[in-house]
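**Q**
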Amino acid sequence: MSEYSFVAGILAVGLALICYAIAFASVRFARTRTAMAGARGGAGAAGGSVTTVTRGPSSLATYGTLIAWLALAFITASLTFRTIVVGHGPFANMYEFSIAFAWGVLAMYLYFEHRYHQRVLGLIALPIALAMLIYATTIPSTADPLVPALQNNLLLTVHVAVAIVAYGTFSVAFAAAVLYLIQPAGGRRGLPKPVLLDEISYRAVVIGFPFLTLVIVLGAVWADVAWGSYWSWDPKETASLVTWLIYGAYLHARVVRGWRGSRSAWLLIAGFGATLFTYFGNLFFGGLHSYSGLNDN
Amino acid sequence: MSQTVRTTALPAASREPVDDLDGGLTISPWGILDRLWHLFISMRTGLILILALAVLGLIGTLLVQAPAGLQSDPGAYATWLDSLRPKYGGWTGILNALGLFSIFTSIWFKGIVVLLTTSILACSANRAPYLWKQATRPRTNMSETFFAHAPLSASVTAPAEPDAALAELQAALRARHFRTITERDGDAIHLYADRFRWGPFGTVIAHLSLVFILIGALVGSSLGFRIPDFMAAIGTKVEVGNGTGLTLEARSFTDTYNTENGAPSDYASDIVLYRDGAQVAAQTIRVNQPMQYDGVTIYQSFYGPAAAMQVKDANGAVLFDEGVPLAWGSTDKNKRVGRFALPDQGLTVFVVGVASGEVDAQIKPGQMQLEVYREGSDGTPLATQIVSQGQPARIADLDFTFVRERQFTGLIVARDPGVPFVWGGALLLVLGVCLVFFFPNRRAWALIRRRPDGSAIEVGAIVRHDVGFESDFRNLVNEVKLALAGPSAS
Ligand code: HEM
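Residue numbers (this note's numbering), protein chains in the order written: chain X, 4 to 300; chain G, 42 to 531.
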């Protein structure tokens with residue numbers, strides 16, 4: 004069951020992405036055409052033709068949204084079945100983390116789509132979710148019994164669940180930052196206005212930062228119970244601290260005028276880089292967090 | 042926008058000879074303090090420090106870090122450093138000299154933490170009075186320009202009297218849990234409204250919580266101790282030391298494995314603590330269930346084989362009767378090595394056994410190899426002998442008996458008096474951050490003026506952190522508009 008809904012989830016995310024992409028491409032194409040027509044034939048007609056041309060693709064984008072919600076439902080179902088089958092929160096190995104990560108990205112993206120109606124963000128956020136899901140298909144999905152240190156169910160579940168929300172919001176902030184940076188200062192037609200993107204990023208971090216703070220604190224509580232020290236500079240701990248510092252810097256940077264805009268957008272890119280580094284880190288730096296389920300020894 | 046530039050001629054008497062250098066650096070203690078203050082409350086400084094810390098952290102995850110405690114043993118540290126040379130080549134020495142292999146105890150790290158803490162304290166001290174004033178004595182009247190430029194703004198004209206408009210506006214704001222303050226200025230009515238006015242103190246709380254956590258870390262590292270590899274052979278009492286006056290005995294150890302894939306599923310040790318020879322505490326500890334007594338916490342960590350050894354002198358008096366944890370692996374990994382000392386005889390004894398699952402040509406099952414060294418010798422053993430279980434071997438006029446194989450349990454024994462500060466700080470940190478972001482301070486102003494046909498209302502608000510305020514603001518304005526237009530709507 005879990006597998007079926009997982010596959011359905013992948014397909015739905017892919018499909019939603021295709022809808023968004025086609026809608027976006029055709030809107031851009033239509034805009035360029037009308038702009039050119041407008042330049043040649045007088046501005047009066049341009050406004051009207053934009054509305055007529057946009058109607059078709061925008062409904063395709065609406066399907067995209069619908070399918071994206073469906074994808075969220077499938078992945079939620081997949082995680083729920085998995086929880087029932089393995090008997091603990093689906094957060095114990097890299098396979099489960101990756102699906103949960105994709106869930107977080109999708110959920111947070113849809114939340115922000117609902118608030119701001121900027122579906123162009125989906126062109127960046129959905130591929131992240133899709134990549135996570137595809138990555139999940141490449142790793143073993145077996146549910147091994149938990150090693151002793153992971154057998155603290157409640158803490159583990161909350162720790163990771165909170166992390167998933169934080170990662171999701173950071174992906175949205177990243178998507179907005181990318182769209183911000185690829186535009187010239189005044190903005191570009193067809194893309195959301197830079198000011199709006201700046202705001203979306205900020206709002207995303209405003210949700211993500213408290214969650215990341217909680218993740219780190221819960222991680223410290225857990226480490227204290229399991230390893231006898233709330234902080235041991237384990238690489239994964241350190242990487243999450245680095246991520247936290249970068250987003251902390253971002254929040255402060257916005258208070259300083261000169262750092263608004265592209266400099267703070269770069270901080271968001273760095274922050275997301277650090278997020279991914281924290282996430283994939285245990286694959287190469289070992290340490291106490293090496294529970295990925297990928298090293299069979 | 043006219044600018045006036047005022048110039049004042051210096052009185053002739055004060056025109057002393059002045060050269061260019063006087064215009065340069067002036068040194069006065071207050072001047073320096075003032076500059077330092079401004080440096081530390083500058084957000085630019087803050088940002089640079091936060092990012093510098095992030096960079097150090099990144100280096101700490103990318104470069105191998107020396108295991109804790111290794112530096113106190115220069116020989117072991119040099120060996121460890123040599124093991125890195127193939128990887129870092131000629132950089133090894135440079136990286137080491139820069140302290141990058143123990144970055145979290147390096148001068149760089151400590152320096153930045155100290156500067157950052159100073160900066161955080163300065164910022165908070167600088168900001169708190171302002172926040173206090175904003176919460177207790179907010180500015181209640183705003184000018185036209187504010188309403189024209191406020192991030193959220195609206196103008197409403199209504200046929201109602203200004204007082205009726207005010208009542209309506211107040212009602213709508215109070216329904217949204219705002220507090221309102223009004224101020225009359227002739228015919229004009231100024232209204233101020235805010236919600237969650239203590240929310241901004243979340244930043245102060247978050248900042249101070251970090252200082253708390255650092256105090257906790259400092260207290261812990263200076264007054265606490267941590268033994269990461271406390272090994273107790275089953276049935277043998279081991280002193281905890283470090284001023285605790287405690288002696289620990291592991292009565293038993295059980296490891297349980299999953300039947301499907303052989304992965305460990307549970308480790309448990311029965312631990313008994315003694316003080317002055319009397320039992321003071323006993324508990325079965327597991328991986329996530331540590332034991333606590335008198336501020337000392339004991340965690341299950343690892344386990345391994347041990348050898349119960351007995352040593353008697355020529356008269357048959359027992360000199361040593363303990364389990365010896367075979368704590369170290371040999372370099373070829375197929376042997377386990379333990380060590381014990383007979384200080385009165387000036388001897389150190391190494392006990393070598395075969396690791397589980399391995400076979401050895403010399404040391405058969407049920408046997409141990411003993412290597413006896415005289416203390417301070419040049420490293421050649423006094424004797425090397427393989428002994429069988431239960432059969433005494435005479436070495437240096439002493440009888441050594443390998444009594445039986447046992448296990449040892451590997452514990453972490455720690456006392457950290459800083460922990461309450463750390464958890465207190467962590468709680469405050471989460472609280473503070475949530476306060477800032479989830480209880481966003483909402484502030485709005487209104488200016489109501491009489492017009493010949495009713496009143497003109499300007500509403501303006503500042504918005505930060507706050508996703509919901511914008512739509513709420515629009516709703517509020519519409520509500521008021523509708524209510525005022527209501528019965529007499531044209
Ligand atoms: C890693 C260390 C720090 C953390 C975790 C931290 C935390 C926070 C948080 C969560 C906020 C609210 C963010 C916002 O308003 O968008 C904040 C605001 C602020 N922080 Fe920090 N901070 C840190 C370091 C600093 C430093 C070094 C300074 C001084 C240079 C500073 C000065 C401020 C100021 C002035 C505000 C705005 C306060 C306000 O709007 O009332 N912070 N800080």
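Positions of the beta carbon are idealized from the N, C-alpha and C atoms, including for glycine.
1) Residue 74 of chain X: which of X:284, X:64, X:110, X:214 sits nearest, CA to CA?
2) Would you mind reading off the limits of the beta strand (DSSP E) that contains residue 183 of chain G?
3) Going along chain G, which residues have a C-beta under 7 angstroms from residue 236 of chain X?
4) Among the candidates X:6, X:14, X:15, X:63, whose CA atom is the shortest distance from the CA of residue 23 of chain X?
5) Quick check on the DSSP output: the beta strand (DSSP E) that includes residue 326 of chain G runs from which residue to which?
6) Name the chain G residues whose beta carbon is nearer than 7 angstroms to that of residue 282 of chain X?
7) How many angstroms separate the CA atom of residue 363 of chain G from the CA atom of residue 350 of chain G?
8) Please state the DSSP three-state secondary structure of residue 231 of chain X.
9) DSSP three-state call for residue 136 of chain X: helix, strand or coil?
10) Do you know how far the Cα of residue 112 of chain G is from the Cα of residue 146 of chain G?
11) Give the interface partners of residue 86 of chain G over in chain X, defined as CB-CB distance under 9 angstroms, in chain order.
12) What's the C-alpha gap between residue 326 of chain G and residue 378 of chain G?
13) As a quick exercise: from G:127, G:445, G:125, pick the residue whose alpha carbon is nearest that of residue 406 of chain G.
14) Do residue 387 of chain G and residue 367 of chain G come within 8 angstroms of each other at the CB atom, strictly closer than that value?
15) Roughly how many angstroms lie between the CA atoms of residue 207 of chain X and residue 313 of chain G, to the nearest whole one?
16) Along chain G, in chain order, which residues have C-beta atoms closer than 8 angstroms to that of residue 212 of chain X?
17) Any idea if residue 308 of chain X is buried or exposed, counting beta-carbon neighbours within 10 angstroms, 16 or more meaning buried?
18) Quick one: does the C-beta of residue 168 of chain G sit closer than 7 angstroms to a heavy atom of the ligand HEM?
19) Can you give me the start and stop residues for the beta strand (DSSP E) that residue 133 of chain G sits inside?
20) Hey, how far is the Cα of residue 511 of chain G from the Cα of residue 107 of chain G?
21) If you draw a straight line from the alpha carbon of residue 86 of chain G to that of residue 160 of chain G, how long is it in whole angstroms?
22) Which residues in the same chain as residue 458 of chain G place their Cβ atom closer than 8 angstroms to its Cβ, once the five residues preceding and following it in sequence are excluded?
23) Report the three-state DSSP secondary structure of residue 292 of chain X (helix, strand or coil).
24) Taking only heavy atoms of the ligand HEM into account, decide whether any of them is closer than 7 angstroms to the Cβ of residue 244 of chain G.
25) Can you find a CB in chain X that lies within less than 8 angstroms of the CB of residue 450 of chain G?
26) Spatial neighbours of residue 257 of chain X within its chain, please: C-beta separation below 7 angstroms, excluding the five flanking residues on both sides.
27) Could you check what DSSP says for residue 51 of chain X in three-state terms: helix, strand or coil?
28) To the nearest angstrom, how far is the alpha carbon of residue 99 of chain X from that of residue 85 of chain X?
29) Taking the alpha carbon of residue 410 of chain G as the reference point, which residue from G:323, G:477, G:442 has its own alpha carbon closest?
30) Taking Cβ-Cβ distances shorter than 8 angstroms, what residues in chain G pair up with residue 1 of chain X?
31) Taking only heavy atoms of the ligand HEM into account, decide whether any of them is closer than 7 angstroms to the Cβ of residue 183 of chain G.
32) Nearest chain G C-beta to residue 233 of chain X closer than 8 angstroms, yes or no?
33) Considering only C-alpha positions, which residue in the set G:220, G:105, G:209, G:393 is nearest to residue 370 of chain G?
34) Look up residue 127 of chain G in the DSSP assignment and say whether it is helix, strand or coil.
35) Could you check where the alpha helix (DSSP H) with residue 238 of chain X kicks off and where it finishes?
36) I think residue 136 of chain G touches residue 104 of chain G, with their Cβ atoms under 8 angstroms apart; what is that distance to the nearest whole Å?
**A** According to the structure data:
1) X:110
2) Residue 183 of chain G -> no beta strand (DSSP E), and no H or E assigned at all.
3) 101, 106, 145
4) X:63
5) 319-327
6) What residue 282 of chain X touches in chain G: nothing, since even the nearest Cβ is about 13 angstroms away.
7) 6 angstroms
8) coil
9) helix
10) 11 angstroms
11) Chain X residues near residue 86 of chain G: none, gap ~11 angstroms exceeds 9 angstroms.
12) 26 angstroms
13) G:445
14) no
15) 51 angstroms
16) 474, 478
17) Residue 308 of chain X is absent from the model: chain X starts at 4 and stops at 300.
18) yes
19) Note, residue 133 of chain G: premise wrong, no beta strand (DSSP E); alpha helix (DSSP H) at 132-138.
20) 52 angstroms
21) 8 angstroms
22) 260, 261, 264, 265, 336
23) Note that residue 292 of chain X scores a pLDDT of 46, beneath 50, so its modelled location is shaky; the value from the coordinates is reported in the next line. The answer is coil: DSSP assigns residue 292 of chain X none of H, G, I, E or B.
24) yes
25) no
26) 205, 263, 267
27) Residue placement at residue 51 of chain X is flagged as unreliable, the pLDDT there being 36, under the threshold of 50; the coordinate-derived value follows with that caveat. In this structure, residue 51 of chain X counts as helix in the three-state DSSP scheme.
28) 9 angstroms
29) G:442
30) Because chain X here runs from 4 to 300, residue 1 of chain X falls outside it and cannot be looked at.
31) no
32) yes
33) G:393
34) helix
35) 238-256
36) 7 angstroms
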